[in-house]
Amino acid sequence: MAGPGQGSCWVCNADVDAEDNYCRDCGAELLRRDGMPGIRQAPVRTDVRVSVGVFLTIVGAIVGALSYFMGIVPVLAFGLASLLIGLMVLYLPSSDSVVARIAAESSLPSLLNIERLLEDLDLDERGIYIPVSGSGVAPNVFVPLALTPSTRKPPLGLNTSRRIFVTVGKNPEDRGVLLDSPGAGILSSLERSLRLDLSRVGLADLQGTLDSGLRSIGIGKVTSVTQENTRNEVIIEMQLTALIDLETKLGNSAPRLSEHIGTPVVSALAGAVSKATARYVKLKSALLDRANRKITVSLQLVD
Amino acid sequence: MNNTNLFFISYSALAFSTVFALSLFPSVGIDVYLALFTIEFFIASELTSPFSLFERRKRIVVEVIMLAVLAVIVIQRIAQILLEAAL
């Protein structure tokens, strides 16, 4: 991470100057401690939590013990409540574990590699999620070189293909890149936790299913799934409880991936819609409201 | 505000308002307070969910303890009623 003086890039570890906002080598946006209130305030918040917890525990124990011997039940209950809340404040964590954070960070380089691949091949078309069925199976994403009748709806058999560069028609421009979707892991975990295949769930039941699935794997909750029939569009709103840092970093340092294919959570939602509707799906837009931990995803159903 | 902080605030509000409300009834025993604290824990927990996987794992320990306390109180009360009926 780039410090206040000379530092290094958090992505490629190249040296950066104090006044640089972007890495001169990899182009990633530099995350500075003074610009990240979350990092600077974390120890302060932890200190406050510990102080509140210790205070409530001590007050609760003293008041509870004294009132127990004096036989005053309401005051004893007050002491017990304070003791209970104090112990919970001290015991229950308020953030993701270090292991979870490291796991999320570990997936970052592979996603940045996809970003570089898209950049080098100059692929400007949006990725198309190919519908698939089967529990724990996630749709692949086909990023066409150019939009042609053949590449608009790539063959369903591409979901079983292990190739990266594929040709889907007779013309030279009917080519593209086939990728495992960034949200494949999330989608598979979601289906495993629910023990169901999303291709058997209709769009009408998708909100409830996605909500309970994402809650059970601890990623967030889905607040709404609406279908705009006139525009063949599905809009999903969800609130994140995890992966917010990864989503933000990818949004900043992998704009092509975020806009054309989607970040892991967005990609999982696109894959879920593709499975539930059995239709080709394209990402239209994804807006991350970091302050409210909210993501609004707009998906286009391809006819 | 994250969900854990929201949980603490809602649970504290519920628990302390219970203490205030029940203090108006002098004959209420401490087991009633404890049983209500337990139920309120589960209510606050559900209302402010979801939590991350790590948070939920730690929460399960508290939930088991709370459930055990509630079970002991309920069993004690049932035993008391049965004994009184037998006498």
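Chains as they are written, first to last, in the working numbering: chain C, 27 to 329; chain G, 857 to 943. Note that beta-carbon positions come from the ideal geometry of N, C-alpha and C, so glycine has one too. None of the values given here were measured: they were computed from a predicted structure.
{"Item": "Just to confirm, is the Cβ distance from GLY239 of chain C to LEU216 of chain C under 9 Å?", "Value": "yes"}
{"Item": "Does the distance from the C-beta atom of LYS310 of chain C to that of LEU325 of chain C stay below 9 Å?", "Value": "yes"}
{"Item": "Is the CB-CB distance between ARG913 of chain G and PRO906 of chain G below 9 Å?", "Value": "no"}
{"Item": "Whose C-alpha, out of C:ARG305, C:MET114, C:VAL115 and C:ARG178, is nearest the C-alpha of PRO165 of chain C?", "Value": "C:ARG305"}
{"Item": "Roughly how many angstroms separate the alpha carbons of VAL291 of chain C and ILE212 of chain C, rounded to a whole number?", "Value": "7 Å"}
{"Item": "Assuming LEU314 of chain C contacts GLY288 of chain C (C-beta within less than 8 Å), just tell me the rounded distance between them.", "Value": "That belief does not hold up - the Cβ atoms of LEU314 of chain C and GLY288 of chain C are roughly 11 Å apart, past 8 Å."}
{"Item": "From VAL332 of chain C to ILE98 of chain C, what distance separates their C-alpha atoms?", "Value": "For chain C, the structure presents residues 27 to 329; residue 332 of chain C sits outside this window and is missing."}
{"Item": "Please list the segments of the beta strand (DSSP E) lying wholly inside the segment 176 to 233 of chain C, counting only runs of 3 or more residues, in order along the chain.", "Value": "191 to 193 and 201 to 206"}
{"Item": "Taking only three categories from DSSP, how would you classify LEU903 of chain G?", "Value": "helix"}
{"Item": "Note the first and the last residue of the continuous alpha helix (DSSP H) segment covering ILE140 of chain C.", "Value": "134 to 146"}
{"Item": "Are there three or more Cβ pairs, one per stretch, closer than 8 Å when the segment 895 to 906 of chain G is compared with the segment 861 to 876 of chain G?", "Value": "yes"}
{"Item": "In the DSSP assignment, the beta strand (DSSP E) including PRO281 of chain C goes from what residue to what residue?", "Value": "Unbroken run through PRO281 of chain C is the alpha helix (DSSP H), 281 to 286; no beta strand (DSSP E)."}
{"Item": "Let's see if you can read the secondary structure: which residues bound the beta strand (DSSP E) around THR249 of chain C?", "Value": "246 to 254"}
{"Item": "Quick check on DSSP: helix, strand or coil for PHE863 of chain G?", "Value": "helix"}
{"Item": "Buried or exposed for THR267 of chain C, going by 16 or more other Cβ atoms inside 10 Å?", "Value": "buried"}
{"Item": "Between the Cα of SER279 of chain C and the Cα atoms of C:LEU110, C:LEU92 and C:LEU137, which residue gives the shortest distance?", "Value": "C:LEU137"}
{"Item": "Tell me which residues of the segment 265 to 284 of chain C have at least one Cβ-Cβ distance to chain G shorter than 8 Å, keeping chain order.", "Value": "THR267 and ALA268"}
{"Item": "Between which two residues does the beta strand (DSSP E) harbouring THR322 of chain C extend?", "Value": "320 to 328"}
{"Item": "Measuring CA to CA, which of C:LEU229, C:LYS247, C:LYS301 and C:SER242 is closest to GLU254 of chain C?", "Value": "C:LEU229"}
{"Item": "Counting only C-beta atoms, is GLY209 of chain C closer than 9 Å to chain G at any point?", "Value": "no"}
{"Item": "Within 10 Å of its beta-carbon, does ILE245 of chain C have 16 or more other beta-carbons around it, so buried, or fewer, so exposed?", "Value": "buried"}
{"Item": "Using Cβ-Cβ distances below 8 Å, what residues of the segment 96 to 112 of chain C are close to chain G?", "Value": "VAL99, PRO100, LEU102, ALA103, PHE104, LEU106, ALA107, LEU110 and ILE111"}
{"Item": "List, in order along the chain, the chain C residues whose C-beta lies closer than 7 Å to that of SER868 of chain G?", "Value": "ILE111"}
{"Item": "With C-beta atoms as the reference, is VAL76 of chain C less than 9 Å away from SER300 of chain C?", "Value": "no"}
{"Item": "Helix, strand or coil, according to DSSP, for VAL307 of chain C in the structure here?", "Value": "strand"}
{"Item": "Would a C-beta distance cut-off of 9 Å place VAL167 of chain C and LEU143 of chain C closer than the cut-off?", "Value": "no"}
{"Item": "Using the Cβ count rule (16 or more neighbours within 10 Å means buried), how would you classify ALA869 of chain G?", "Value": "exposed"}
{"Item": "Would ILE84 of chain C pass as a contact of ALA871 of chain G if the rule is Cβ separation under 9 Å?", "Value": "no"}
{"Item": "On the criterion of 16 or more Cβ atoms from any shown chain inside 10 Å, does THR177 of chain C qualify as buried, or is it exposed?", "Value": "buried"}
{"Item": "What does the alpha-carbon distance come out to for the pair ALA924 of chain G and LEU106 of chain C?", "Value": "16 Å"}
{"Item": "Let me check understanding here. Comparing Cα to Cα, which of C:VAL328, C:THR274, C:ASP329 and C:ALA302 lies closest to ALA312 of chain C?", "Value": "C:THR274"}
{"Item": "Quick one: measure Cβ to Cβ for ILE261 of chain C and THR322 of chain C, integer angstroms, because I've assumed they're closer than 8 Å.", "Value": "7 Å"}
{"Item": "Can you check whether the C-beta of GLY234 of chain C is within less than 9 Å of a C-beta belonging to chain G?", "Value": "no"}
{"Item": "When the cut-off is 9 Å and only beta carbons count, does VAL89 of chain C lie next to chain G?", "Value": "no"}
{"Item": "In three-state terms, what does DSSP make of ASN278 of chain C?", "Value": "helix"}
{"Item": "Based on the DSSP output, what are the partners of ASN258 of chain C in its beta bridges?", "Value": "In the DSSP output, where bridge partners are listed per residue, ASN258 of chain C has none listed."}
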